[in-house]
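In this note's numbering, the protein residues as written are 1060 to 1332.
Note that CB positions come from ideal geometry on N, CA and C, so glycine has one too.
Below is one structure, written out as structure tokens; comments come after it.
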Amino acid sequence: MEERLRAVDMIIELRDARMPNASINPILKELASGKPRLILLSKSDMADPIATKKWIEALKNENVACLAVDIMHDSSCAKKIIKEALLLMEKKREAKRAKGIRPRAIRAMACGIPNVGKSTMINRIARKNTVKAADKPGVTKSLTWIHADEELDVLDTPGVLWPKFDDEKIGIVLAALGSINDDILNKKSLAMDTIRIIQNHYPGYLEELYDAEKDANPNGILKALANKRNLKKENDELDTKRAAELFLYELRKGKLGRLTLEHAQESDQEVLE
Ligand code: G4P
């Protein structure tokens, strides 16, 4: 990636709109080297629209454009991405034109963590299935150029995930939204940590959704969910383990409503440097 990065004009960085901080591609932090960036907040159809708007404001600057995308449902999405990429590079292209040089197609590198929707985006802008989309982290293994438009070529790169998480919350958020394999994780404790995050950002939301007590703790929320869906063990006790699995499944599928697990802070500009 480092080698290829030298040959590209700009970066198209996909982040999940529900976790724009945790879903930063870690390699980019070290390698981006001041290239213009188009940050696409993917899966915005599942994110809280107000939170997304705040993220866009927090992330964009002179060298960074930011666009919320719903690649699955918005048929004009590819056009918007191409237009935004051209706009970001327009100053440089105009300078070339002023010198009488016809600018060549922009070369952009697409980066993102596994499952962020990169293959789906590339398929959309290439208008054919050049990249296989799958719900398996790490499916894009090699580097491939895609001719997206007469004026835009996109280099696909493998999805890269953090080798380790210094910040425990990043690990929780990534696992909650299904970006890391959760086979080895304790789902009940993951669900409870996630419930705590949602309760913090959306007070009263889960309580109302599951008819739980007003001041229910995460275990109380799982109990209320188990009760509502009639999830019981053989001895007729509420099955909070199954409730935890159902909660995570429905959260990942966007069935709990449009929720964003990380909200923009004033310090977020720092993550671009
Ligand atoms: P990757 O290359 O970054 O690893 O991700 P990929 O495109 O394979 O997408 C991962 C999952 O996210 C896919 O779902 C894809 O459909 C879904 N997805 C991508 N973009 C969006 C979006 O803007 N909105 C929503 N709601 N979903 C999106 P999957 O579980 O594999 O199901 P399937 O629909 O492909 O069968």
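What is the rounded straight-line gap between the Cα of Leu-1220 and the Cα of Ile-1098?
-> 17 Å
Run through DSSP, which three-state label would Asn-1174 get?
-> coil
What's the gap between the Cα of Asn-1278 and the Cα of Leu-1146?
-> 49 Å
Lys-1273 versus Lys-1287: straight-line alpha-carbon distance, rounded | 16 Å
Helix, strand or coil for His-1206 per DSSP?
-> strand
Tell me, please, which residues DSSP counts as bridged to Glu-1072.
-> Ile-1098 and Cys-1170
At least three beta-carbon pairs within less than 8 Å, the segment 1126-1136 to the segment 1151-1158 | no
How would you write the range of the alpha helix (DSSP H) that Ala-1067 sits in, first residue to last?
-> A small correction: the amino acid at residue 1067 is Val; Ala does not occupy that position in the sequence shown. No alpha helix (DSSP H) contains Val-1067, which DSSP labels as neither H nor E.
Nearest CA to the CA of Ile-1070: which residue from Met-1251, Lys-1151, Ile-1231 and Lys-1094?
-> Lys-1094
First and last residue of the uninterrupted alpha helix (DSSP H) at Leu-1318 | It is not in any alpha helix (DSSP H) - Leu-1318 carries neither H nor E in the DSSP assignment.
Please state if the CB of Ala-1185 and the CB of Ala-1250 are separated by a distance shorter than 8 Å.
-> no
Between the Cα of Asn-1084 and the Cα atoms of Ile-1229, Lys-1151, Leu-1244 and Ala-1110, which residue gives the shortest distance?
-> Ile-1229
Do you know whose CA, among Pro-1217, Leu-1233 and Thr-1216, lies nearest Phe-1224's CA?
-> Leu-1233
Note down the Cα distance separating Ser-1082 from Asn-1120, rounded to an integer number of angstroms.
-> 19 Å
Which residues in the same chain have their Cβ closer than 6 Å to the Cβ of Asp-1194, if we skip the five residues on either side of it in sequence?
-> Confidence is the limiting factor: at Asp-1194 the pLDDT is only 42, short of 50, which leaves the residue's position unreliable, though a coordinate-based value still follows. Within the same chain, Asp-1194 has no close Cβ partners at all.
DSSP state of Ile-1130, grouped into three classes?
-> coil
Return yes when at least one heavy atom of the ligand G4P lies under 7 Å from the C-beta of Gly-1313, else no.
-> yes
Ignoring anything shorter than 4 residues or poking outside the segment 1244-1278, list the alpha helix (DSSP H) runs there in chain order.
-> 1246-1260 and 1264-1268
Rounded to whole angstroms, what's the CA-CA distance from Leu-1214 to Tyr-1261? Just pull it up for me.
-> 38 Å
From the DSSP output, in three-state form, read off Leu-1147 for me.
-> helix
For Lys-1291, write down the residues that DSSP places opposite it in a beta bridge.
-> Leu-1297
Could you tell me which of Pro-1162, Ile-1140 and Ala-1066 sits nearest to Glu-1149, measuring between CA atoms?
-> Pro-1162
Rounded C-alpha distance that separates Leu-1236 from Glu-1153 = 41 Å
Using a threshold of 7 Å, is the CB atom of Val-1213 nearer than that to any non-hydrogen atom of the ligand G4P?
-> no
Check whether the Cβ of Val-1128 sits closer than 7 Å to any heavy atom of the ligand FAD, and report yes or no.
-> Ligands present in the displayed structure are limited to the ligand G4P, and the ligand FAD is not among them.
Give the secondary structure of Leu-1220 by DSSP, where H, G and I count as helix, E and B as strand, and everything else as coil.
-> coil
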